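Remarks on the structure that follows.
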Amino acid sequence: MSASKRILSGTIASWVQIAVAMSAQILLVPLYLSFWDAATYGLWLAVLSFSSLLSAFDLGFQEYMTYEFLKLGDRFPKKMSKLLSSGMMVAVILGLIQVVVVLLIYWLDILPMIFKDLGSSLKGKAIQAFYVLFIQSIIWLLCNTVGGLLNRVMATFGYFPRMAWWSVLTNTVLLVSPAIAVVFGADLLTAGLVMAIAKVAFDIPVWFDMLRLLKRHHIKVISPSFELGWISFRRSTNLSVTGFLENVRQQGARLIMSPLIGATGIAVFSTIRTGSNVALQGLRTIINPLMPELMTFLHKRDQERTEVAFGTLWLVTIAVIAPCLLVVQTFIPVIYNAWTRGKLSFDPWLFALLSLGVLVFALSQPSIAVVKGNNLLKPQLTISIMSAIIAVLGIICLVPLFGIKGAGMALLLSEIAASVAFTKIAEKWLVDAGLQWPHQGFRIALSSVALTSLGVVLMIIIPNYEHLILCISILLLVWNLYRYWLTLPQLAVIKAKAILNGFGSKN
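Residue numbers (this note's numbering): 4 to 510.
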């Protein structure tokens, strides 16, 4: 397969994965709530969040090893075998540590401490939740430690698209299998068992495929090097800690809130957050294809084309995300009530705060690309620590005062702080590289965020005039878009038209 065909196949597979994830987030909520009560569903979401949090260090190590495999290339099978085998040794140790941590959670009786609202009827479900967590840790050890590294080494030999399509299949099965079990009356534990069995069953053919392909390239498991494994682990810790802290801010927020709002509150929070998660996935389908171009322009120190890339990214924020957020805020309460079968309450403030967090994240994309694309690891770690602390302390302080909307405030403050930090660091890097930060375009994009925020707040405060406020806000955004359009270089106008036309054709 040629390089262009591999890129096309891998891109399509990535888009399909995103589409599956978005569809699952939308369709599975009413399904679960049709057969489970809100507290059980909240407990299920918390267990999945806990599993994700525990595996963050492992994923950071695997991400680091991905780049080590790619740097080594496909010309040195003996060195690749040694690197892979040493990495597998470390990955298994990390997987065993995860199992031990889960057992400590049980021995220290942590789950009941987290879910203080569990009544006597739900305490049995807390035990089930632990068993699901334990099963997840065992499956991670068996399938994801070594399997994750094998999957990542495949990209070195041009098999990224193949692995991406395998991931489409396995991820779909993992999303659908427990939901089908719930339809047939499964409780928490049974749903967890079904998901684990499905994981193993569908990973077996993937393993056979990977091992067969690696054998073709003379890659095999040999005696590991403890020194090489330790060096790889030590160098990966920045990525691991950064990933863990980011996970704390995203998935871990549910666990921090659990003692404050209970299992039912977690279900409400997670369900309302689904809207922002879907928006985030949609945002990535538009932005991700632009990132390689931006990095190319930065490395070439091409000021004009860098501004084109920045301008196109911000245009998506101004022309697509901001107005869509206003429209959705107007109609979401009715949709939400039908979607959740009337079992979960809707908080317009929480929805608005989470949505605005996505808007701030979109505004930050160029600066994030500069920092991450140039491997500025220490600033990334510092920002992750800062934003995680703001999120955790904000939840602890604001939720008791404002209820579930306090969590939205904390996460939005965390996102704003990260955005400011990324922007400052990116601006400094550009100056040091002999480039300039596009201040005019950034200010206009920032004003769109401000106008959208004002419009959303007014619609919540004055609900009787929300349609009037929506119309005025959209007109102001159109005026701001026109201002922005006038500032774009000609190259950016051409690129922007192509992106917007492509976005429109997919809808």
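Here a beta-carbon is modelled for each residue, glycine too, at the ideal position from N, C-alpha and C.
Model, not experiment: these values are computed from the prediction.
- Just so you know, the alpha carbons of Ala182 and Val176 end up roughly 10 Å apart.
- Contact holds between the region 343-358 and the region 267-274, because three or more Cβ pairs, one in each stretch, are under 8 Å apart.
- DSSP places Ile465 in no alpha helix (DSSP H); its state is neither H nor E.
- Under the 10 Å beta carbon count, Tyr35 is surrounded by 16 or more other beta carbons and is classified as buried.
- Taking every protein chain shown into account, the CB of Phe300 has 16 or more other CB atoms within 10 angstroms, so this residue is buried.
- For Ser387, the enclosing alpha helix (DSSP H) starts and ends at 380-405.
- Nearest neighbour of Val311 by Cα position, chosen from Asp77, Gln131, Phe445, turns out to be Phe445.
- Of Lys431, Pro351, Ala448, Ala429, the smallest CA-CA separation from Pro466 is found for Pro351.
- Taking a cut-off of 8 Å for Cβ pairs, the region 432-447 and the region 312-321 touch, as three or more such pairs fall below it.
- Taking Asp212 as the centre and dropping the five residues before and after it, the same chain places the C-beta of Arg165, Trp169 closer than 8 Å to its C-beta, in chain order.
- Rounded to the nearest angstrom, the gap between the Cα atoms of Leu57 and Leu380 is 22 Å.
- Under a 10 Å Cβ-count criterion, Asp206 is classified as buried, with 16 or more other Cβ atoms of the shown protein chains found around its own Cβ.
- Comparing alpha-carbon positions, the option among Phe133, Thr173, Val102, Asn174 lying closest to Leu192 turns out to be Phe133.
- For a cut-off of 8 Å, the C-beta gap from Ile321 to Leu473 is around 17 Å, too long to register as a contact.
- The residue from Gln28, Ile388, Ala413, Gln439 with its alpha-carbon nearest to that of Ser370 is Gln439.
- Exclusion of the five residues before and after Cys146 leaves Lys202, Val203, Asp206 as the residues of its chain whose Cβ lies within less than 7 Å of its Cβ.
- In the three-state DSSP reduction, His442 falls in the helix class (H, G or I).
- Taking the C-beta atoms as reference points, Val103 is found no nearer than 8 Å to Val149.
- DSSP places Ala189 outside both helix and strand once states are collapsed to three, so it counts as coil.
- Rounded to whole angstroms, the separation of the alpha carbons of Ile464 and Ser456 is 12 Å.
- The Cβ-Cβ distance between Arg257 and Leu48 falls below 8 Å.
- In terms of Cα proximity to Phe349, the closest of Leu359, Val337, Ser358 is Val337.
- Under the three-state reduction of DSSP output, Gly232 falls in the helix class.
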